[in-house]
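Novice: Protein chains in written order, with this note's numbering: chain A, 118 to 226; chain B, 21 to 211; chain C, 470 to 1011.
Note that CB positions come from ideal geometry on N, CA and C, so glycine has one too.
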């Protein structure tokens, strides 16, 4: 319980920002930025999530312990994603001694 | 509740991990699948949920100030907005996808290029939005209970923990959608 | 004091067992101590169900042709043995029984933070358990407790979905218990009980709860994906459709490796308590043990790939996981050294709980060292999927976790029941267990090293001698488990009445009568000393 009472104005301001960001992210999808499209989309999503967490969920006025809980959750998610993808993306990297290269070229993988 | 939300982060996290993996492997197919979703409905639903987060935050505020009428009003609004979201998702989007033949396992008729991976995309689409919708339904249930309790005068500026805690849950479900929207609807650029 | 007078005193005093009668008062209780007993009964039943599966397996393995069972049946038995023992016995054992009973008492509280959620936890556990038992009856599961794809999703024709959903449901019980403990330990410690004055059992429970909270949801999602794929035939894990079966293994082991630490950390916490109580000495290296518990919890999440060295995982990922797996052994070793140092120059008494604790230290060390063999990528390539692995984890889980559990049950039995168990029988069964255990599982190290694969109903004849030794050991082990069941139940009626502190141990739980009243403490205790202040007046036998 934060006990902290937030003003209506602030809530409405945050809401307006959220809607604006949604419009932005939707708009950006119509522009070709190559791979930056994904980066932009995720960055905007992160911004929106932060606004909701900090202001609607009162994390800005909450104790350090609550923030630790949230940080821990995301760190753990990061562990799951990072190590799993580390495996999945490096499967094809098997080191091969150079003298085998020629033989490998001939075999069907 | 924060601790419970941490478990939810990991729960959705597992799904997101799988999704990120396959999206990376089969980007063109996922793009194609994403284009088959209606971005306007997605954006509308996003706005609906954000609005419901606002009304929920205002409901908590009303409880903190002891304003019973406002509390009930805002809880009701939140519930209605949440119900709108679910109705649009199930009634419009899912129904449309099913009828068009984009429902893996139930009615899949798309056989364009790379259709197996497009089916995989839709598998994730339905599962991610389905689990999210399930959480919304649970939230709606919780809101109903809260409204009944509020009508009976169970809350006061000293006793509103249940509202605040339910608010945390509701906002979290909103945040999941904040991530789902770009990841599902906006991958394939519409350019 | 005459026994009769003491008996009447016990019967006239109100405590948590006689505070209210009737089945409703038990099934609707919110008293953490009663809930602990509900769990005790449930997991004991599951233990013997899982144990019977093991008995049948070992009987089958007496002959190389596996004369007793069809291979398909054997597959179902080892799967059910694994599922029941892991999810319905080991994971809840110490947290849900001893943890539920002791956490509030050790911190000087009346109950856990969320008593009703605690009760819900038990009901969720039972619901999952019943669904899984249904899976057993309706044809069993033959995928192994690991549910590997694509067998579980595509090719198995057994009750995979029921079993997976049963485990899924029970996972919530684990999450809720962990949540309860974390909040309780953070928020409800008695005045004066700082983090570093807490008994080490609480540190262990805290670390365990962290794992339960962060890991179990990922198991939930992986099992749900399996069920989904089985029902809808979509291809999340199906290579034909572009899915990756190893992805399942990543998601599964992300939970299941930390899960094994859920099973061992509480046991280590119990051992910390036993070693100090029975050497009447301060624990050596309190903060090291406390931090190592948390370190194990954290590092345990970084090592899951060591189950997948030969599954097609990339070598680079394998290297990383191998290195990290070596790292996770360090905090465990720190604990073992600290326990040994505690025993040194202590006034050691060999009561049954201490026998279990000493057995733990030896067997856990062996199991842990063989874990290091398995962490070495090159060695694992040869012994993966053999009995070496089976021996390794049974040394840890049976020689370690179960010994710790039994030691704890014996140690706190006077507090739980108000009676003393018969010491002679207890020591005898501890010895029988130790002998039976080693006879059962040591030959399996050799078998695995010689190349006998695990999960096989038949084997080449040259392995028969070792298999027969193992099965013989299993029969002794079985006896060793049955004896405590008998005398513990017997003691509830006929055991000697226990005082508040029969062991002369430190700890707030020993400041209450045995059995404790429902609210645990008349007034909230105030803590002024460190956790293991042996040598002061309070720690006299009472």
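Pull up the DSSP beta-bridge partners for residue 808 of chain C, would you.
Specialist: Residue 808 of chain C sits at position 339 when you count from the first residue of the third chain. For residue 808 of chain C, which the question treats as bridged, DSSP gives no partner whatsoever.
Novice: Does DSSP put residue 666 of chain C in a helix, in a strand, or in coil?
Specialist: Your numbering for residue 666 of chain C matches position 197 in the third chain. Note: residue 666 of chain C maps to helix in three-state DSSP.
Novice: Return helix, strand or coil for residue 972 of chain C, following the three-state DSSP convention.
Specialist: Position 503 of the third chain, counted from the first residue, corresponds to residue 972 of chain C. Coil, per DSSP.
Novice: Got a sec: is the Cβ-Cβ distance from residue 174 of chain B to anything in chain C below 8 Å?
Specialist: Position 154 of the second chain, counted from the start, is the residue given in the question as residue 174 of chain B. Not an interface residue.
Novice: Please list, in chain order, all residues of the same chain as residue 770 of chain C whose beta carbon is under 6 Å from its beta carbon, the five residues on each side excluded.
Specialist: Along the third chain, read from residue 1 onward, the residue named residue 770 of chain C stands at position 301. The answer, listed in chain order, is 727.
Novice: What's the call for residue 709 of chain C, buried or exposed, on a 16-neighbour Cβ count within 10 Å?
Specialist: Along the third chain, one-based indexing puts residue 709 of chain C at 240. With fewer than 16 other Cβ atoms within 10 Å, it is exposed.
Novice: Quick one, which residues of the region 695-711 of chain C are near chain B if we go by CB-CB under 7 Å, in chain order?
Specialist: Per Cβ criterion, the list reads 697, 701, 702, 703, 704, 705, 710 and 711.
Novice: Can you check which of these residues, B/46, B/58 and B/43, is closest to residue 117 of chain B by C-alpha distance?
Specialist: Start at 1 with the first residue of the second chain, and residue 117 of chain B comes out as number 97. Here the closest residue by C-alpha is B/58.
Novice: In three-state terms, what does DSSP make of residue 614 of chain C?
Specialist: Here residue 614 of chain C corresponds to residue number 145 of the third chain, with the count starting at 1. Of the three classes helix, strand and coil, the one that applies to residue 614 of chain C here is coil, per DSSP.
Novice: Would a check of beta-carbon distances place residue 1012 of chain C closer than 8 Å to chain A?
Specialist: Given that chain C is displayed from residue 470 to residue 1011, the structure contains no residue 1012 of chain C and the question cannot be resolved.
Novice: Residues of chain C with CB under 8 Å from residue 140 of chain B, in chain order?
Specialist: Mapped onto the second chain, residue 140 of chain B falls at position 120. Near residue 140 of chain B (Cβ distances below 8 Å), the residues of chain C are 703, 704, 705, 710, 711 and 712.
Novice: CA-CA distance, residue 670 of chain C and residue 845 of chain C?
Specialist: The count along the third chain starts at 1 and reaches residue 670 of chain C at position 201. The count along the third chain starts at 1 and reaches residue 845 of chain C at position 376. Residue 670 of chain C and residue 845 of chain C: Cα-Cα distance of roughly 31 Å.
Novice: What residues from the region 712-741 of chain C come within 9 Å of chain A, judged by C-beta to C-beta, listed N to C?
Specialist: Hits within the stretch, in order: 713, 715, 716, 719, 720 and 723.
Novice: When Cβ atoms are compared, which residues of the region 162-175 of chain A fall closer than 9 Å to chain B?
Specialist: Result list: 162, 163, 165, 166, 169, 170, 172, 173, 174 and 175.
Novice: Locate the alpha helix (DSSP H) running through residue 175 of chain B, then write down its first and last residues.
Specialist: Within the second chain, the letter at position 155 stands for residue 175 of chain B. Segment: none, residue 175 of chain B is in no alpha helix (DSSP H) and carries neither H nor E.
Novice: Note down, in chain order, each residue of its chain lying with its Cβ closer than 7 Å to the Cβ of residue 205 of chain B, except the 5 sequence neighbours on either side.
Specialist: As a position in the second chain, residue 205 of chain B is number 185, starting the count at 1. 54, 57, 59 and 62.
Novice: Could you give the DSSP three-state label for residue 195 of chain B: helix, strand or coil?
Specialist: Taking the second chain and counting its residues from 1, one reaches residue 195 of chain B at position 175. In this structure, residue 195 of chain B counts as helix in the three-state DSSP scheme.
Novice: Strictly below 8 Å CB to CB, what residues from chain C border residue 141 of chain A?
Specialist: Counting from one through the first chain, the residue named residue 141 of chain A turns up at place 24. Near residue 141 of chain A there are no residues of chain C at all, since even the closest Cβ is about 31 Å away, more than 8 Å.
Novice: Using beta-carbon positions only, say whether residue 557 of chain C and residue 649 of chain C come within less than 8 Å of one another.
Specialist: Reading the third chain from its first residue, position 88 is the one you call residue 557 of chain C. Reading the third chain from its first residue, position 180 is the one you call residue 649 of chain C. For residue 557 of chain C and residue 649 of chain C, no; Cβs fall outside 8 Å.
Novice: I'd like to know whether the C-beta of residue 97 of chain B is nearer than 8 Å to at least one C-beta of chain A.
Specialist: For the purposes of this step, residue 97 of chain B is taken as residue 77 along the second chain, with counting starting at 1. Judged by the 8 Å Cβ criterion, residue 97 of chain B is not in contact with chain A.
Novice: If the cut is a Cβ gap below 9 Å, which residues of chain B does residue 125 of chain A touch?
Specialist: Sequence index remark: in the first chain, residue 125 of chain A carries index 8 (1-based). Those within 9 Å of residue 125 of chain A in chain B are 78 and 81.
Novice: Check residue 487 of chain C in the structure and name its three-state DSSP category.
Specialist: Against the third chain, residue 487 of chain C aligns to sequence position 18. Looking at residue 487 of chain C - three-state DSSP - the assignment turns out to be coil, as it is neither helix nor strand.
Novice: Please look up how many angstroms separate the CB atoms of residue 615 of chain C and residue 625 of chain C, rounded, as I've assumed it's under 8 Å.
Specialist: Position 146 of the third chain, counted from the first residue, corresponds to residue 615 of chain C. Position 156 of the third chain, counted from the first residue, corresponds to residue 625 of chain C. About 12 Å; that fails the 8 Å criterion.
Novice: For the alpha helix (DSSP H) that contains residue 861 of chain C, what are its first and last residues?
Specialist: Reading the third chain from its first residue, position 392 is the one you call residue 861 of chain C. Where residue 861 of chain C is concerned, the enclosing alpha helix (DSSP H) stretches over 856-863.
Novice: Which residues in chain B sit within 9 Å of residue 130 of chain A, going by Cβ to Cβ distance?
Specialist: The sequence position of residue 130 of chain A within the first chain is 13, counting from 1. Within 9 Å Cβ-Cβ: nothing; residue 130 of chain A doesn't reach chain B, min ~10 Å.
Novice: Applying the 10 Å Cβ sphere with the 16-neighbour rule, what's the burial state of residue 569 of chain C?
Specialist: Here residue 569 of chain C refers to the residue found at position 100 when the third chain is read from its first residue. Buried, since its Cβ has 16 or more Cβ neighbours within 10 Å.
Novice: Below 7 Å on C-beta distance, what does residue 683 of chain C contact in chain D?
Specialist: In summary, chain D is missing from the structure at hand, where the protein chains are A, B and C.
Novice: Output needed for residue 634 of chain C: all residues of its chain with C-beta closer than 7 Å, excluding positions within five of it in sequence on either side, in chain order.
Specialist: Taking the third chain and counting its residues from 1, one reaches residue 634 of chain C at position 165. Correct list, in chain order: 600 and 696.
Novice: Within this structure, are the beta carbons of residue 26 of chain B and residue 186 of chain A separated by less than 8 Å?
Specialist: What you label residue 26 of chain B is simply residue 6 of the second chain in a count that begins at 1. What you label residue 186 of chain A is simply residue 69 of the first chain in a count that begins at 1. Closer than 8 Å, so yes.
Novice: In angstroms with no decimal places, state the Cα-to-Cα distance between residue 186 of chain B and residue 166 of chain B.
Specialist: Reading the second chain from its first residue, position 166 is the one you call residue 186 of chain B. Reading the second chain from its first residue, position 146 is the one you call residue 166 of chain B. If I take the Cα positions, the gap works out to 9 Å.
Novice: For chain C, find out if any of its Cβ atoms is closer than 8 Å to the Cβ of residue 118 of chain A; answer yes or no.
Specialist: Locating residue 118 of chain A in the first chain gives position 1, counting from the first residue. Below a pLDDT of 50, predicted positions are generally treated as unreliable, and residue 118 of chain A, at 46, falls in that range; no measurement from the model is reported.
Novice: Let me confirm a value: residue 1008 of chain C is counted as buried when at least 16 other C-beta atoms fall within 10 Å, else exposed. Which label applies?
Specialist: The sequence position of residue 1008 of chain C within the third chain is 539, counting from 1. For residue 1008 of chain C, the predicted structure reports a pLDDT of 49, less than 50, and the residue's modelled location is therefore unreliable. A value from the coordinates is still provided. Residue 1008 of chain C comes out buried.
Novice: If you measure between the beta carbons of residue 894 of chain C and residue 956 of chain C, is that distance less than 8 Å?
Specialist: For this step, residue 894 of chain C is matched to residue 425 along the third chain. For this step, residue 956 of chain C is matched to residue 487 along the third chain. Yes; because the gap between Cβ atoms is below 8 Å, this pair is in contact.
Novice: Is any heavy atom of the ligand FMN found at a distance shorter than 7 Å from the C-beta of residue 888 of chain C?
Specialist: Looking at this structure, you won't find the ligand FMN or any other ligand, since it has none at all.
Novice: Looking at chain C, is there any beta carbon in it that lies within less than 8 Å of the beta carbon of residue 187 of chain A?
Specialist: Position 70 of the first chain, counting from 1, holds the residue named residue 187 of chain A. False, the Cβ-Cβ gap to chain C never drops below 8 Å.
Novice: Whose Cβ in chain C lies nearer than 7 Å to the Cβ of residue 184 of chain A?
Specialist: Within the first chain, numbered from 1, the residue matching residue 184 of chain A stands at position 67. What residue 184 of chain A touches in chain C: nothing, since even the nearest Cβ is about 14 Å away.
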